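Trainee: Here it is: the structure, laid out below.
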Amino acid sequence: MKHLQNLAKQTSQNPMKWVWEETAKTFQPPKRQLVSEWADTNRYLTSSSSAEPGLWRTSRAAYQREIMDVIVDRKIETVVFMKSSQVGASEILLNILGYYISQDPCPIMVLQPTIEMSRAFSKDRLAPMLGSSPALRDKVKEPRSRDSDNTVLHKAFNGGHLTITGANSASGLASRPIRILLIDECDRYPASAGTEGDPIALASKRTTTFWNRKIIMASTPTIDGLSRIQTAYESSDKRKFWVPCVHCKEYITLEWANVHWEEAKPETAHYICQSCGSVMEEKHKVQMLREGEWRAEEETGSIAGFHISELYSPWSTWASMAIGFDQARKHPEMLKTWINTSLGEVWRDQGEEIEAEGLMARRENWDADCIPDAVLVITAGVDVQDDRLEISVVGWGLDSNSYVIEHLVFWGETSQYQVWHEMDEYIQRRYERETLPSLPIACIAVDSGYQTQSVYSFVKVRQGRRIFAVKGQSQAGKPICGKSTQSGRQRIQLFPAGVDTCKETLFSWLQIEEPGPGYIHFPSTVDEEYFKQLTAEKRAIKYVRGRKQVVWIPKRERNETLDCFNYSLVALHILQPDLERINQRVDSASDDVPRSKDNQQRDLIKERRRPPRKKSFVKDW
Numbered sequence: 183m184k185h186l187q188n189l190a191k192q193t194s195q196n197p198m199k200w201v202w203e204e205t206a207k208t209f210q211p212p213k214r215q216l217v218s219e220w221a222d223t224n225r226y227l228t229s230s231s232s233a234e235p236g237l238w239r240t241s242r243a244a245y246q247r248e249i250m251d252v253i254v255d256r257k258i259e260t261v262v263f264m265k266s267s268q269v270g271a272s273e274i275l276l277n278i279l280g281y282y283i284s285q286d287p288c289p290i291m292v293l294q295p296t297i298e299m300s301r302a303f304s305k306d307r308l309a310p311m312l313g314s315s316p317a318l319r320d321k322v323k324e325p326r327s328r329d330s331d332n333t334v335l336h337k338a339f340n341g342g343h344l345t346i347t348g349a350n351s352a353s354g355l356a357s358r359p360i361r362i363l364l365i366d367e368c369d370r371y372p373a374s375a376g377t378e379g380d381p382i383a384l385a386s387k388r389t390t391t392f393w394n395r396k397i398i399m400a401s402t403p404t405i406d407g408l409s410r411i412q413t414a415y416e417s418s419d420k421r422k423f424w425v426p427c428v429h430c431k432e433y434i435t436l437e438w439a440n441v442h443w444e445e446a447k448p449e450t451a452h453y454i455c456q457s458c459g460s461v462m463e464e465k466h467k468v469q470m471l472r473e474g475e476w477r478a479e480e481e482t483g484s485i486a487g488f489h490i491s492e493l494y495s496p497w498s499t500w501a502s503m504a505i506g507f508d509q510a511r512k513h514p515e516m517l518k519t520w521i522n523t524s525l526g527e528v529w530r531d532q533g534e535e536i537e538a539e540g541l542m543a544r545r546e547n548w549d550a551d552c553i554p555d556a557v558l559v560i561t562a563g564v565d566v567q568d569d570r571l572e573i574s575v576v577g578w579g580l581d582s583n584s585y586v587i588e589h590l591v592f593w594g595e596t597s598q599y600q601v602w603h604e605m606d607e608y609i610q611r612r613y614e615r616e617t618l619p620s621l622p623i624a625c626i627a628v629d630s631g632y633q634t635q636s637v638y639s640f641v642k643v644r645q646g647r648r649i650f651a652v653k654g655q656s657q658a659g660k661p662i663c664g665k666s667t668q669s670g671r672q673r674i675q676l677f678p679a680g681v682d683t684c685k686e687t688l689f690s691w692l693q694i695e696e697p698g699p700g701y702i703h704f705p706s707t708v709d710e711e712y713f714k715q716l717t718a719e720k721r722a723i724k725y726v727r728g729r730k731q732v733v734w735i736p737k738r739e740r741n742e743t744l745d746c747f748n749y750s751l752v753a754l755h756i757l758q759p760d761l762e763r764i765n766q767r768v769d770s771a772s773d774d775v776p777r778s779k780d781n782q783q784r785d786l787i788k789e790r791r792r793p794p795r796k797k798s799f800v801k802d803w
């Protein structure tokens, strides 16, 4: 009551002054802040999206401050962040996004690798930030089905709007002008958005009408020479984070070569200063980060580039990195992932091609009549030629171990049913293991690129037996197995197969020379021709539409065994078996049924084996 009386008195004394004061309060622009200052004041983390809920603290990882604050530097147009995991890159992008919504509203776009990842980003990362931060809560409405301005992928607010789209969506990239472009995980983008061209170039064109545009790129790198973020970083001023040694006070950059540990004890990892040779423990990292600073190696006008690794992360330890490295170092594919995600560095291949002779020497003393117990699931891939069907049967175990059981050729015109009938009779067999029960072929992928109608007719009535048609896609970045579609007059289930990705995977596995994760086992029965065809292509880099891409160049005319192995890998991804769970069931059964050392159990299994169920191929066709 008293407040109302004072307000009435003030208004009556000088009504125009009161009106001007209230108007000024209403339309007064927000206090100018740096991005880090805004985040420290207004950004709240939730327990559903962060392990450290509560008010955001830039001081938790001091290297984040300059990455955010450089955004408001008028001289800087593009910010490049080449990074590892565990350094808070996603949170940095969210802080920048929240800053512009709150302080400088304008048209904004967030670009993710796919539409699916865009939806996940909106629901899992953006929505919690908008809901938990008072400065944003009232500015962006909740998505409503009847409100076209506020959906999962598009949000409107006073003074601007936010569009979240995928790099695989040409329509999303060409929709509307934008001033702020946030590009997340660009090394996972496809080479082209449909048929429109490079997705980053398409998105960047949306910003050309704004004199004060900002483009922010963040990603873990991939392969040397093919990494988008590497190319962008090389064009920047190349900033690195320098920290003082707690002993000599000299500023250094943290390098993996200076992390040491006791033999066979990676948990004892520590850092040795490259300046004075003193030992620094994990506990010193907080002080080092607090006193660290970014230093540029180059002078460029408008592109600020930052590179940082997990060595600096307050959410990771040198010991955990050492343990990860110790597990990955013997296996190229695992090591590649570790270098990309832990060090934030590109992977440099040791060699571009693999020779057949070295693989032949790796053959083991077993064959299709008795396969190792380590095989938990069997798949097969079929390549279709004019005069034959070729099939590779591959077993799969734990840790991406694979076992080439056999490769067969069924001769005959593939436009006729007889050769298909012969193969159908054969693939119903079961494969004996050393001591465990026999296994059937669980899933088969048949290439439909040739004799398409014959393939469709064959798989149509056999999809219940998990025999599917696949269609190869020779584009970089395609998944090993995509989402199936209905195809042909028969409306069969057709799976797209990323054959280049399959070759990349096979190429990395073949480089593993010692048994372990990813190792490929070969039986004694595969001949020299098998290995020549398996290594019939080599990896090379060429320019496609001005961009570097990995291409596969034939070394020999025939490559059927290579294709068949890849299709068996696609079949595994169609099946998606839980190998860990299968192995646990095998171990449990083994506890109840003792294994016979002299293979008597194998003989019993053979005696009890049921003959395969016969089908009328003519009726099925």
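The opening residue of the sequence shown carries number 183 in the numbering used here; numbering runs sequentially from there.
Glycine included, C-beta positions come from ideal geometry on N, C-alpha and C.
Computed from a predicted model, the values in this text were never measured in an experiment.
Could you check whether the segment 490-505 touches the segment 451-460, counting it as contact only if at least three pairs of C-beta atoms, one from each stretch, sit closer than 8 Å?
Mentor: They touch, by the three-pair rule.
Trainee: Can you tell me whether DSSP reads Ile411 as helix, strand or coil?
Mentor: Residue mapping note: residue 411 aligns to position 229 of the sequence shown, counting from 1. Looking at Ile411 - three-state DSSP - the assignment turns out to be helix.
Trainee: Using DSSP's beta-bridge definition, name the partner residues of Tyr433.
Mentor: Taking the first residue of the sequence shown as 1, we reach residue 433 at position 251. According to DSSP, which records beta bridges pairwise, Tyr433 is partnered with Pro426.
Trainee: My parser needs the beta strand (DSSP E) runs of 3 or more residues fully inside the segment 444-500; what are they?
Mentor: 447-454, 475-478, 485-490
Trainee: Is DSSP giving Leu571 helix, strand or coil here?
Mentor: Taking the first residue of the sequence shown as position 1, residue 571 is located at position 389. Of the three classes helix, strand and coil, the one that applies to Leu571 here is strand, per DSSP.
Trainee: So Val752 is in the alpha helix (DSSP H); what residue range does that whole segment cover?
Mentor: As a working mapping, residue 752 is identified with position 570 in the sequence shown. Unbroken alpha helix (DSSP H) run through Val752: 742-757.
Trainee: What does the Cβ neighbour count give for Ala233, buried or exposed, with the cut at 16 atoms within 10 Å?
Mentor: Within the sequence shown, residue 233 is the residue found at index 51, counting from 1. Ala233 should be labelled exposed.
Trainee: Following the continuous alpha helix (DSSP H) through Gln215, name the residue where it begins and the one where it ends.
Mentor: Here residue 215 corresponds to residue number 33 of the sequence shown, with the count starting at 1. Taken as a continuous stretch (DSSP letters only), Gln215 belongs to no alpha helix (DSSP H), as it is neither H nor E.
Trainee: With a threshold of 8 Å on Cβ separation, who are the neighbours of Leu275 within its own chain once the five nearest residues in sequence on each side are excluded?
Mentor: As a working note, residue 275 is residue 93 in the sequence shown. These residues qualify, in order along the chain: Val292, Leu364, Asp366, Ile398, Ala400.
Trainee: Please state whether DSSP places Lys265 in a helix, a strand or coil.
Mentor: Taking the sequence shown and counting its residues from 1, the one referred to as residue 265 is at position 83. Residue state, collapsed to three classes: strand.
Trainee: Going by other Cβ atoms of all chains shown within 10 Å of its Cβ, with 16 needed for buried, is Asn394 buried or exposed?
Mentor: Position 212 of the sequence shown, counted from the first residue, corresponds to residue 394. The residue is exposed, with fewer than 16 neighbouring Cβ atoms inside 10 Å.
Trainee: How big is the Cα-Cα spacing for Thr683 and His755?
Mentor: Position 501 of the sequence shown, counted from the first residue, corresponds to residue 683. Position 573 of the sequence shown, counted from the first residue, corresponds to residue 755. The alpha-carbon atoms of Thr683 and His755 are separated by roughly 12 Å.
Trainee: Starting from Phe592 and walking both ways along the beta strand (DSSP E), at which residues does that stretch end?
Mentor: What you label residue 592 is simply residue 410 of the sequence shown in a count that begins at 1. That run of the beta strand (DSSP E) goes 584-593.
Trainee: Where in the segment 635-712 do unbroken runs of the beta strand (DSSP E), each at least 3 residues long, occur, reported from the N-terminal end onward?
Mentor: Entirely contained in the segment 635-712, the beta strand (DSSP E) runs reaching 3 residues are, in chain order, 649-655, 667-669, 674-680.
Trainee: Going by C-alpha distance, which of Trp497, Leu471, Arg239 is nearest Trp424?
Mentor: Translated into positions along the sequence shown, residue 424 becomes position 242. Per the Cα distances, Leu471.
Trainee: Given this structure, state the Cα-to-Cα distance separating Val528 from Phe747, to the nearest angstrom.
Mentor: Position 346 of the sequence shown, counting from 1, holds the residue named residue 528. Position 565 of the sequence shown, counting from 1, holds the residue named residue 747. Computed Cα separation, rounded: 28 Å.
Trainee: Roughly how many whole angstroms lie between the Cα atoms of Arg671 and Val652?
Mentor: Translated into the one-based positions of the sequence shown, residue 671 becomes position 489. Translated into the one-based positions of the sequence shown, residue 652 becomes position 470. If I take the Cα positions, the gap works out to 16 Å.
Trainee: Per the DSSP calculation, Ser230 is bridged to which residue(s)?
Mentor: For this step, residue 230 is matched to residue 48 along the sequence shown. Beta bridge pairing from DSSP links Ser230 with no other residue.
Trainee: Helix, strand or coil for Asp406? Go by DSSP, reduced to three states.
Mentor: Here residue 406 is taken as the residue at index 224 of the sequence shown, counted from 1. Reduced to three states, the DSSP call for Asp406 is coil.
Trainee: Got a sec, what are the start and stop residues for the beta strand (DSSP E) Leu344 sits in?
Mentor: Here residue 344 refers to the residue found at position 162 of the sequence shown. For Leu344, the enclosing beta strand (DSSP E) starts and ends at 342-348.
Trainee: Pull up the distance between the alpha-carbon of Glu378 and that of Leu384, whole angstroms please.
Mentor: The residue given as residue 378 occupies position 196 in the sequence shown. The residue given as residue 384 occupies position 202 in the sequence shown. Going by C-alpha positions, Glu378 is about 8 Å away from Leu384.
Trainee: For Trp602, list the residues DSSP reports as bridge partners.
Mentor: Indexing the sequence shown from 1 puts residue 602 at position 420. Trp602 pairs with nothing; no bridge assigned.
Trainee: Flag this pair as yes or no: are the beta carbons of Thr687 and Leu621 separated by less than 8 Å?
Mentor: Start at 1 with the first residue of the sequence shown, and residue 687 comes out as number 505. Start at 1 with the first residue of the sequence shown, and residue 621 comes out as number 439. No, the Cβ-Cβ distance between Thr687 and Leu621 is not below 8 Å.
Trainee: Since Gln246 is in the alpha helix (DSSP H), which residue starts that stretch and which ends it?
Mentor: Looking up residue 246 in the sequence shown gives position 64. Taken as a continuous stretch (DSSP letters only), the alpha helix (DSSP H) holding Gln246 covers 246-251.
Trainee: Hey, Gly348 and Met299 are a contact pair by Cβ (cut 8 Å); roughly how many whole angstroms apart?
Mentor: By one-based count along the sequence shown, residue 348 stands at place 166. By one-based count along the sequence shown, residue 299 stands at place 117. That belief holds up - the Cβ atoms of Gly348 and Met299 are roughly 7 Å apart, short of 8 Å.
Trainee: Pick out whichever of His603, Ala753, His589 has its Cα sitting closest to the Cα of Glu595.
Mentor: Taking the first residue of the sequence shown as 1, we reach residue 595 at position 413. Comparing C-alpha distances from Glu595 to each of His603, Ala753, His589 shows the shortest one belongs to His603.
Trainee: May I have a chain-ordered list of the beta strand (DSSP E) segments no shorter than 3 residues that lie completely inside the segment 355-396?
Mentor: As far as the segment 355-396 is concerned, its whole beta strand (DSSP E) runs of at least 3 residues are 362-366.
Trainee: Where Leu344 and Gly354 are concerned, what is the direct C-alpha to C-alpha distance, given to the nearest angstrom?
Mentor: Position 162 of the sequence shown, counted from the start, is the residue given in the question as residue 344. Position 172 of the sequence shown, counted from the start, is the residue given in the question as residue 354. When rounded, the distance between both Cα atoms is 12 Å.
Trainee: Can you list, in chain order, the residues of its chain with a C-beta nearer than 7 Å to that of Ile805? Leave out the 5 residues immediately preceding and following it.
Mentor: Outside the shown range of the chain (183 to 803) lies residue 805, about which nothing can therefore be said.
Trainee: Can you list, in chain order, the residues of its chain whose CB lies under 6 Å from that of Glu710, leaving out five sequence neighbours each side?
Mentor: Here residue 710 refers to the residue found at position 528 of the sequence shown. Once the five neighbours on either side are set aside, Glu710 has no close Cβ partner at all.
Trainee: Apply the 10 Å Cβ neighbour rule to Lys660 and answer buried if 16 or more other Cβ atoms are within range, or exposed otherwise.
Mentor: Here the question's residue 660 lines up with position 478 in the sequence shown. Burial call: buried.
Trainee: Spell out the partners DSSP gives His513 in its beta bridges.
Mentor: For this step, residue 513 is matched to residue 331 along the sequence shown. Per DSSP, none; premise fails for His513.
Trainee: Between Gly680, Glu475, Ser498, which lies nearest to His489 when the distance is taken from Cα to Cα?
Mentor: Within the sequence shown, the letter at position 307 stands for residue 489. Minimum Cα distance to His489 is reached at Glu475.
Trainee: Quick check on the DSSP output: the alpha helix (DSSP H) that includes Ala562 runs from which residue to which?
Mentor: Walking along the sequence shown from the start, residue 562 turns up at place 380. Element bounds for Ala562: not the alpha helix (DSSP H) but the beta strand (DSSP E), 559-566.
Trainee: Report the rounded CA-to-CA distance for Leu541 versus Gly577, giving the unit in angstroms.
Mentor: In the sequence shown, counting from the first residue as 1, residue 541 sits at position 359. In the sequence shown, counting from the first residue as 1, residue 577 sits at position 395. One alpha carbon belongs to Leu541, the other to Gly577, and they sit about 18 Å apart.
Trainee: Under 8 Å Cβ to Cβ from Gln715, same chain only, skipping five residues before and after it: list those, please.
Mentor: The residue you call residue 715 lines up with position 533 of the sequence shown. In the same chain as Gln715, and ignoring 5 residues on each side of it, the C-beta atoms closer than 8 Å to its own belong to Arg738, Arg740, Asn741, Glu742, Thr743, Leu744, in chain order.
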